[in-house]
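What follows is a single structure, written as structure tokens, with notes after it.
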Amino acid sequence: DVQILLTSREDPVSMRLLGAQYISKLVKISGISIAASRVKAKATYVFLVCKNCKKTREVPCRPGLGGAIVPRSCDNIPQPGEEPCPLDPWMVVPDRSQYVDQQTLKLQENPEDVPTGELPRNMLLSVDRHLVQTIVPGTRLTVMGIYSIFQASSSSNSHKGAVAI
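As numbered in the UniProt record's numbering, residues 1 to 165 make up the sequence shown, in order.
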């Protein structure tokens, strides 16, 4: 695997100006790191085995905060007399899946960029591999990444409608 780090002489975009026109685009923003999660293992490829026919499959995982899209059905064609595979037959084989270290950072806009009387805005950053454990809360950052939105899990109210880079 290769990890490419980009630099740019472009001026950073204000968090307040990030809108729909920037989704899935490369952006550069500045701010202060206000929180850092613990390092977690994130799957890059998930190895699956069908519970019924034992057919195997390797499924890539979406980068950043996304997960794997596991197929609902097995594409095995049953032989005459064999039972067809049921819906959702896949089991994950953790030992044969591939992982990288990943960490989530919370970036808050710089105090000098916050209009008088307003609260500072913040967003989540997902970093992996060599960038993990390089930032501590309180560090001023200028980062480049792909601006994206994601569906937060329904159990976490703190990140509803969250955006991330």
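The beta-carbon is built from N, C-alpha and C at its ideal position, and this holds for glycine as well.
Since residue i sits in a beta bridge, which residues does DSSP pair it with?
i: I146; result: L26
i: D101; result: A41
i: M15; result: DSSP output for M15 lists no bridge partner at all.
i: G31; result: L141
i: S126; result: T104
i: A68; result: C61
i: G36; result: Here residue 36 is Ala; the residue named in the question, Gly, does not match the sequence. A36 pairs with L105.
Leaving out five residues on either side along the sequence, give the residues of the same chain with a beta carbon under 8 Å from the beta carbon of residue i.
i: S156; result: Confidence in S156 is poor, its pLDDT being 49 and thus under 50, which makes the residue's placement too unreliable to answer from.
Once you ignore the five residues that flank residue i on each side, which residues in its own chain have a CB closer than 6 Å to its CB?
i: Q102; result: K40, K42, D128
i: V93; result: F47, V49
i: V114; result: P120
Just to check my reading of the structure: residue i and residue j have Cβ atoms closer than 8 Å, yes? What is that Cβ distance to the nearest angstrom?
i: C61; j: G67; result: 6 Å
i: Q98; j: I32; result: Wrong, their Cβ atoms sit about 33 Å apart, outside the cutoff.
i: I149; j: I69; result: Incorrect: roughly 17 Å between the Cβ atoms, too far for contact.
i: V27; j: G138; result: Actually they do not touch by this definition, with Cβ atoms about 23 Å apart.
i: I34; j: N122; result: 7 Å
Say yes only if the C-beta of residue i is nearer than 6 Å to one or more non-hydrogen atoms of the ligand ZN, and no if none qualify.
i: S148; result: The ligand content of the structure shown is nil, which means the ligand ZN is not present either.
Considering only the alpha carbon of each residue, which of the options lies closest to residue i?
i: E83; options: C53, V92, V93, K28; result: C53
i: P86; options: R72, T104, P94; result: R72
i: E118; options: K28, L125, R16; result: R16
i: L125; options: L6, T104, W90; result: T104
i: W90; options: C50, T116, M123; result: C50
i: L131; options: N122, V143, M123, E10; result: V143
i: T56; options: N76, S37, T44; result: N76
i: E58; options: S30, Q79, D95; result: D95
i: R9; options: S30, Y147, E112; result: S30
For residue i, count the other beta carbons within 10 Å of its own beta carbon; 16 or more makes it buried, fewer makes it exposed. Which is it?
i: G64; result: buried
i: L6; result: exposed
i: A36; result: buried
i: residue 167; result: No answer is possible for residue 167: the residues shown for the chain start at 1 and end at 165.
i: Y45; result: exposed
Between which residues of its own chain and residue i is the CB-CB distance below 7 Å, once the five residues before and five after are set aside?
i: I135; result: S33, A36, L105, L141
i: P80; result: none
i: Q133; result: V39, Q103
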